[in-house]
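Below is one structure, written out as structure tokens, with a few remarks after it.
Residue numbers (UniProt numbering): 1 to 222.
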């Protein structure tokens, strides 16, 4: 009996993993109502074979796979249909315009002042009059565009040119050399070993090593 529960739990665990991967990468806050409903149903279906050992575990496979496929189909359909996307995901709503609250839009979204002020504070904004636009996104997050006079000064505003800063290339991770990344930047392991040797290290003793676009090698040993 115990082995049966273990088998069912392990099997359902990996099956649900496959179905969730089919649904794509998304944060919980970015789930549409359709995604959320599918996630709840998947959880319910997954619990049945683990709790009821008299129900064949295979009976849960078909509904889970169908739900996964339905989610994939709906995701692709919303990519190509703006109307369907609006129905399934909703539309962003402007709730602050030119420093003024749009109460009607807030009522439509059932969005109260406490939530608004809290999300503004999280963004370091305490004065609503500093806001040009505040948009309640379909994910429930608040996007804020400050008035031009309140935005931080950038190098472009001051006419200052800045060097290019791209993403650093990871060369060693958890003691393993990532040869593919070395090839992409026209370097090899000999070059890497020499640079590490200068620091009295070897790859297996390195937790993380990355090369920035400025040519600087960052090394963090284990």
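C-beta atoms are modelled at their ideal positions from N, C-alpha and C, and glycine is treated no differently.
Model, not experiment: these values are computed from the prediction.
Remark: fewer than three beta-carbon pairs, one from each stretch, lie closer than 8 Å, so the region 175 to 183 and the region 134 to 150 are not flagged as touching. Only residues of its own chain outside the window of five on either side were considered, and among them 15 have a CB closer than 8 Å to the CB of residue 61, listed in chain order. The continuous alpha helix (DSSP H) containing residue 73 extends over residues 61 to 80.
Nearest to residue 96 by alpha-carbon distance, out of 136, 217, 182, is 136. A distance below 9 Å separates the beta carbons of residue 57 and residue 8. Per DSSP, the unbroken alpha helix (DSSP H) holding residue 183 starts and ends at 179 to 184. Under a 10 Å Cβ-count criterion, residue 47 is classified as exposed, with fewer than 16 other Cβ atoms of the shown protein chains found around its own Cβ. With 16 or more other Cβ atoms inside 10 Å of its own Cβ, residue 64 counts as buried. Rounded to the nearest whole angstrom, the CA to CA distance from residue 124 to residue 109 is 23 Å. In this structure, DSSP gives residue 93 an extended state, which the three-state scheme calls strand. Here the C-alpha atom of residue 112 lies approximately 45 Å from the C-alpha atom of residue 170. Rounded to whole angstroms, the gap between the alpha carbons of residue 154 and residue 116 is 27 Å.
Looking at the DSSP output, residue 50 bridges to nothing. For residue 214, the closest C-alpha among the options 198, 185, 221, 201 is that of 185.
Here the alpha carbon of residue 162 sits roughly 9 Å from the alpha carbon of residue 156.
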